[in-house]
Each structure stands twice: as C-alpha cells, then as structure tokens.
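A.B. asks: Those letters in the sequence shown? Residues 32 to 206, per our numbering, in order.
In this text, a Cβ means the ideal position worked out from N, Cα and C, and glycines have one as well.
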Amino acid sequence: NDTEISDRTDNDNNNDGDEVTDSDMGGGIIQCLRSKYTDTSITLESQCVLELIDVIQTSKLDVRLDIKLYKSCRRLLISEYIDMDQEDCLKLLYLKNKIDDDNYKEQIKRIIREGQADIHIDRALAFACQADVLKYCNDIPIGSGKQLQCLFSMGKSVTSQCQNILQKRQELWKS
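1. What number of angstroms, rounded off, separates the C-alpha of residue 195 from the C-alpha of residue 60?
2. Between the stretch 158–170 and the stretch 122–137, are three or more C-beta pairs nearer than 8 Å?
3. Under a three-way DSSP split, which group does residue 128 fall into?
4. Indicate the three-state DSSP secondary structure (helix, strand or coil) for residue 90 in the structure shown.
5. Flag this pair as yes or no: are the beta carbons of residue 154 and residue 91 separated by less than 9 Å?
6. Hey, how far is the Cα of residue 159 from the Cα of residue 77?
7. Less than 8 Å between C-beta atoms, sequence neighbours within five positions excluded: which residues of the same chain meet that for residue 182?
8. Helix, strand or coil: how does DSSP classify residue 134 here?
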C-alpha cells in the first residue's frame with residue numbers, strides 16, 4: 032500500500048512522467064507548508080490553510096501519510112502502539128520522557144505545535160471542546176491558535192471535559 036500525496040499540475044493531459052510526489056521528496060513540500068502553518072507570525076491564504084488542515088487531519092487518521100513522522104517513529108509505533116491513537120501514543124511517550132532519539136522528539140514536537148496552531152488539528156481536543164467552540168468561539172477564524180486562545184479566555188465557563196483536556200495540552204505544550 033503505497034501512500035503518497037501528489038503535487039500535481041492542473042494539466043491532466045501531462046503524461047510525460049515528470050510528476051513529482053511529496054513522498055519522492057521525503058515529505059519536504061508538505062513539511063515546509065506545515066511549518067509555515069504552525070508559525071503564527073505568518074499568515075497563509077485561507078485556501079492554503081483549508082488544504083493544510085485537510086492534509087494534517089488525513090495524516091492523523093493514518094500516520095503513514097505524515098512521511099517524516101512515520102519514517103522517524105515507525106519502530107517506536109510498532110513496539111509501543113497498543114490499541115490507542117498513534118499520535119496520542121507518541122505524545123504520551125514524549126510527555127513521559129520515554130523517547131531518547133532526537134529525530135523522534137523533533138517530529139513529535141512538530142505535531143504538538145500543529146495542535147497549538149488550530150484546535151481542529153488535535154482530534155481529541157476538538158471533540159472534547161466542540162460544544163464550547165460552537166458556543167463561545169464560533170465567530171473566531173480558524174488557524175493561528177485563535178480558537179484555542181478564545182477557549183482559554185473563557186476559563187471556567189467551558190465544560191469540565193474541555194477544561195481537562197485543555198489542561199493536559201497545556202502541560203504537553205510546556206514540555
């Protein structure tokens with residue numbers, strides 16, 4: 032099962048074999064865009080943000096689509112991943128200081144930063160705080176951590192479920 036994200040031209044009739052895929056480049060194109068997405072000082076066009084959210088959410092469903100993360104952490108995922116979300120497993124191992132490899136750590140820090148940039152990137156956080164986002168932050172644009180800031184500003188007004196996971200994420204972000 033070869034999983035890759037293609038960087039195709041708009042010309043569907045281009046059959047000269049020059050198609051370059053992101054996986055051919057070690058995930059470099061997507062990694063570059065993902066790093067720009069997590070940098071809150073940079074504003075990406077809204078269509079680019081929507082596409083990146085789709086790519087990131089898709090890679091959260093199948094960690095093999097996050098080429099850099101998967102290549103770095105494949106052995107760790109195979110040995111440690113037991114009946115739990117793979118990214119949550121990596122975050123938990125990171126939080127417990129059970130990861131020694133610097134390359135693993137860098138990739139896990141990246142996915143943690145992505146979660147800080149947008150609540151919708153972190154499935155567990157998005158699920159736990161869904162009602163609170165709709166109630167308090169629905170008019171806040173997605174990206175750059177704006178909806179997260181909104182939730183934090185609401186303090187004790189958010190549900191206990193949302194408060195608990197926000198607290199856990201704050202601990203993770205501080206680590």
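C.D. replies: Once the coordinates are examined:
1. Locating residue 195 in the sequence shown gives position 164, where the first residue counts as 1. Locating residue 60 in the sequence shown gives position 29, where the first residue counts as 1. When rounded, the distance between both Cα atoms is 35 Å.
2. no
3. Residue mapping note: residue 128 aligns to position 97 of the sequence shown, counting from 1. Correct three-state label for residue 128: coil.
4. For the purposes of this step, residue 90 is taken as the residue at position 59 of the sequence shown. Reduced to three states, the DSSP call for residue 90 is helix.
5. Here residue 154 is taken as the residue at index 123 of the sequence shown, counted from 1. Here residue 91 is taken as the residue at index 60 of the sequence shown, counted from 1. Yes; because the gap between Cβ atoms is below 9 Å, this pair is in contact.
6. In the sequence shown, counting from the first residue as 1, residue 159 sits at position 128. In the sequence shown, counting from the first residue as 1, residue 77 sits at position 46. Spanning the two alpha carbons is a distance of roughly 25 Å.
7. Counting from 1 along the sequence shown, the entry for residue 182 is found at position 151. Residues of the same chain with a CB within less than 8 Å of the CB of residue 182, apart from the 5 flanking positions on each side, are 150, 160, 163, 164, 167, 168, 189, 193, 197 in chain order.
8. What you label residue 134 is simply residue 103 of the sequence shown in a count that begins at 1. The answer is helix: DSSP assigns residue 134 an H, G or I state.
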